[in-house]
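Top line first, the protein sequences correspond to chains E and L.
For reference, each letter of the first sequence is one residue, going 1 to 345 in our numbering.
For reference, each letter of the second sequence is one residue, going 1001 to 1345 in our numbering.
Have a look at the structure below, then the notes.
Protein chains: 2
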Amino acid sequence: MTDTAPRPTLEAVAARAGVSRATVSRVVNGGDGVREPLVERVRKAVEELGYVPNQAARSLVTRRHDAIAVVVAEPETRVFADPFFALQLRGISKELTAYDNQLVLLLTEGRDDHARVGRYLAGGHVDGALVFSLHLDDPLPELIQRAGVPTVFGGRPGWSGDRRGVVYVDVDNRGGARDAVRHLAGLGRTRIAHITGALDQTSAVDRLDGYRDVMVDADPQLIVESDFTPAGGERAMRELLARCPDLDAVFAANDLTAAGALRVLRESGRRVPDDVAVVGFDDMLPVTEQTDPPLTTIRQDIEEMGRLMARLLLRGLERNTTDEGIAGAPSSVVLPTTLIRRASA
Amino acid sequence: MTDTAPRPTLEAVAARAGVSRATVSRVVNGGDGVREPLVERVRKAVEELGYVPNQAARSLVTRRHDAIAVVVAEPETRVFADPFFALQLRGISKELTAYDNQLVLLLTEGRDDHARVGRYLAGGHVDGALVFSLHLDDPLPELIQRAGVPTVFGGRPGWSGDRRGVVYVDVDNRGGARDAVRHLAGLGRTRIAHITGALDQTSAVDRLDGYRDVMVDADPQLIVESDFTPAGGERAMRELLARCPDLDAVFAANDLTAAGALRVLRESGRRVPDDVAVVGFDDMLPVTEQTDPPLTTIRQDIEEMGRLMARLLLRGLERNTTDEGIAGAPSSVVLPTTLIRRASA
């Protein structure tokens, strides 16, 4: 700021209004628990002196709004139907609240609305953005990059544009998938099928790669593309049983898909794990404990992923403000996975 | 605006960059599908001419951001656990998207964060707010009123402050409750209990009043306070059975509570509806069809409530902009309810 004239202080307002500093502070920050006549006196003093409250003053200096946008690149209905997003948001909300930052969730009906989301982000209403569930051909990352909004992605973004400065939090999808398939192979299974996730998302591609790392010469008939939903899992399992009635194991790209597959296996009279062993991915509670039988899966800590995304973003913003330099720049993080054995494999 | 110098037009930018109007428009609105060299040329022309894009120009004139905040005055975890909020948000999202307004959902960990929500609303980041699930002692309505943000409430606000200009969308909670209890009385039931909702919310108070309208001399032992959650419904039902083992009907303040009550009744060996008839409120699908037995309830159209809240707010903002005058001012709406008979009563 070039204007160096002294700004009126909180003390000056308190003196003029004839109240304590604490009272001025309470009024300026919303006025909870202050009697109306006092509120009026403080307001009058604020106006007469041209006092700029701390919050606004700080925002002028640091250009911070203490607000972070969260964008889930899925239709609003899926955000509320898939517990994965609720868990990730829980981690984000806890972390942002701990640092008194407002979580601003931008909901959409679908991808057609992403240009509008980009405009809101570019409009200077938030300090940064947390973006997850990106699909490969989504224009959002480029819109965000152009808007110049500091961003941390949930999951490695798959787009082919300029990747400099891209920070993401991911889980070791490929390594986790390898563990799942090795576990099935270790049980003596040889006809191991894979129900993929939505292959326009890097998490699904990485899990398929992990499957192929172990099943080097896999029969292509054993791989069916799906979409991470329970209904998609049912459809994929029916197709697999029609194609390969001799299959003896299934690695599903997530737990919701695995739950759908288990229902179809039961309908078709296959016993799990005796006839067909099943492994999921995520360890989404309570889903994995409530399936019949309970689901063996690859655990990732979804809530912690959300918390870490928020932490990296806030640290990056702090660095921008304090000019700490490149040494403090956050870098991407890939979290490990763990095999959780239950009854299904 | 006092500055009347002609602003450079979209056409002028197109001419200078040597591209079509459509290309300029696409670049200005995010740049989807425009090749990078063209994007650069348009950007250069925009800078040289000092062109202000439509969106920003419109925002300068109308002070519109085309963004509406939604505040659910519950902790983030409850927003994602209770399907009521997902339904209301679905209605809001559809309506806002139809008018190309961004839905900005402000999540919190609890009431301690409402002062921060008030600051965000006062910060000029949105054109208006939709606020629901208010509790009686919540400071939020007053913070919002002070911030001067046009607001429509979901459910009649219960606070005692200045009520001028307060607009809400509600459902006829009292009339619906009367219908529920009259239905039970019509089945010949005489010991009709009531499990209330959270009594710091007007919806719960109104439903209790409706119960009392019919059960004029109700035994106070037949009324147990609860909180709209399934676990609360279980606790309340246990207490009712201990207090009044001769009860023959229950009116629960919502379907989630009724579902909890049904579980406890089954555990205790009571047959529903033979021994105890049960009626809920909301008609929350699929909950009401999946209880054992399926639940008789009072239907309200939750998604339509959300849609109507958004419509009233947008209409009010439009009126402010066009100076249509008080004739177009939106007023509060109370929607009717319907008794839906299933097996439980």
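The beta-carbon is built from N, C-alpha and C at its ideal position, and this holds for glycine as well.
Asked: In angstroms, rounded to a whole number, what distance separates the CA positions of VAL1216 (chain L) and PHE1085 (chain L)?; Found: 33 Å
Asked: Nearest chain L C-beta to ILE195 (chain E) closer than 8 Å, yes or no?; Found: no
Asked: Quick one: is GLY197 (chain E) buried, meaning 16 or more other Cβ sit within 10 Å of its Cβ, or exposed?; Found: buried
Asked: Along the chain, where does the beta strand (DSSP E) that runs through GLY50 (chain E) open and close?; Found: No beta strand (DSSP E) contains GLY50 (chain E), which DSSP labels as neither H nor E.
Asked: From which residue to which residue does the alpha helix (DSSP H) around ASP172 (chain E) run?; Found: From DSSP, ASP172 (chain E) is part of no alpha helix (DSSP H); its letter is neither H nor E.
Asked: Give a yes or no on whether 8 Å exceeds the smallest Cβ distance from GLU1109 (chain L) to chain E.; Found: yes
Asked: Since LEU339 (chain E) is in the beta strand (DSSP E), which residue starts that stretch and which ends it?; Found: 338–340
Asked: Please compile the residues from chain L whose C-beta is within a distance smaller than 8 Å of the C-beta of LEU106 (chain E).; Found: GLN1102, LEU1103, VAL1104 and LEU1105
Asked: Assuming LEU38 (chain E) and VAL19 (chain E) form a contact by the criterion Cβ under 8 Å, report the distance between their Cβ atoms to the nearest whole angstrom.; Found: 6 Å
Asked: Could you check if GLN1221 (chain L) is buried or exposed, using at least 16 other CB atoms within 10 Å of its CB as the buried criterion?; Found: exposed
Asked: Just the Cα atoms here: how many angstroms apart are VAL1205 (chain L) and THR1338 (chain L)?; Found: 19 Å
Asked: Does DSSP put ASP1323 (chain L) in a helix, in a strand, or in coil?; Found: Confidence at ASP1323 (chain L) is low in this model, with a pLDDT of 49, below 50, so the placement of that residue is unreliable and no value is reported for it.
Asked: Grab me the residues of ALA56 (chain E)'s own chain with a C-beta within less than 7 Å of its C-beta, minus the 5 sequence neighbours each way, in chain order.; Found: Only weak support exists for where ALA56 (chain E) lies, its pLDDT of 46 falling under 50; the value from the coordinates is given anyway. Result list for ALA56 (chain E): empty, nothing under 7 Å.
Asked: Does the separation of the CB atoms of GLY269 (chain E) and ALA252 (chain E) fall below 8 Å?; Found: no
Asked: Decide if the segment 1148–1155 of chain L is in contact with the segment 1175–1184 of chain L; the criterion is three or more beta carbon pairs, one per stretch, under 8 Å apart.; Found: no
Asked: May I have the straight-line CA-CA distance separating ARG1026 (chain L) from TYR1099 (chain L), to the nearest angstrom?; Found: 19 Å
Asked: Pull up the CB-CB distance for LEU1103 (chain L) and VAL1117 (chain L), whole angstroms please, since I reckon it's below 8 Å.; Found: About 15 Å separates the two Cβ atoms, so there is no contact after all.
Asked: Under a Cβ-count criterion, where at least 16 other Cβ atoms within 10 Å of its own Cβ denotes burial, should THR190 (chain E) be classed as buried or exposed?; Found: exposed
Asked: Verify the CB distance criterion: does VAL1013 (chain L) have a CB-CB separation below 8 Å to chain E?; Found: no
Asked: Cβ closer than 7 Å: which chain E residues qualify as neighbours of ALA1086 (chain L)?; Found: PHE80
Asked: Expressed to the nearest angstrom, what Euclidean distance is found between the alpha-carbon atoms of SER93 (chain E) and GLY188 (chain E)?; Found: 44 Å
Asked: Could you work out which residues of chain B lie near ASP113 (chain E), taking near to mean beta carbons separated by less than 7 Å?; Found: Considering every chain present, this structure includes no chain B. Its protein chains are E and L.
Asked: Decide if LEU1285 (chain L) is buried, meaning its Cβ has at least 16 other Cβ atoms within 10 Å, or exposed.; Found: exposed
Asked: What residues are listed by DSSP as bridge partners for ASP282 (chain E)?; Found: E:ARG299
Asked: For ARG1163 (chain L), go through chain E and note every residue whose CB falls closer than 7 Å to its CB, in chain order.; Found: In chain order: nothing, as chain E lies at least about 16 Å away.
Asked: Using 8 Å as the cut-off, can you tell me whether the segment 300–319 of chain E makes contact with the segment 240–257 of chain E, which would need three or more C-beta pairs spanning the two stretches below that distance?; Found: no
Asked: Strictly below 8 Å CB to CB, what residues from chain L border HIS135 (chain E)?; Found: None at all; the shortest Cβ gap to chain L is about 15 Å.
Asked: Got a sec, what are the start and stop residues for the alpha helix (DSSP H) THR1151 (chain L) sits in?; Found: No alpha helix (DSSP H) holds THR1151 (chain L); the beta strand (DSSP E) holding it covers 1151–1154.
Asked: If you count every other CB in all the chains shown that lies within 10 Å of the CB of SER332 (chain E), and 16 or more means buried, which is it?; Found: exposed
Asked: Could you give the distance in angstroms between the alpha-carbon of CYS232 (chain E) and the alpha-carbon of GLY260 (chain E)?; Found: Per the sequence shown, residue 232 (chain E) should be read as Gly rather than Cys. Rounded to the nearest angstrom, the two C-alpha atoms are 7 Å apart.
Asked: With H, G and I counted as helix, E and B as strand and the rest as coil, what does DSSP make of GLY128 (chain E)?; Found: strand
Asked: Taking the beta strand (DSSP E) that HIS1114 (chain L) falls in, what are its first and last residues?; Found: Here HIS1114 (chain L) belongs to no beta strand (DSSP E); instead the alpha helix (DSSP H) covers 1114–1122.
Asked: Fully enclosed by the segment 223–264 of chain E, which beta strand (DSSP E) runs are 3 residues long or longer?; Found: 249–252
Asked: Assuming ASP213 (chain E) contacts VAL334 (chain E) under a Cβ cut-off of 8 Å, what Cβ separation, rounded to an integer in Å, is found between them?; Found: That pair is no contact at about 16 Å.
Asked: Quick one: does VAL117 (chain E) have its CB under 8 Å from some CB of chain L?; Found: yes
Asked: If you count every other CB in all the chains shown that lies within 10 Å of the CB of ARG1035 (chain L), and 16 or more means buried, which is it?; Found: exposed
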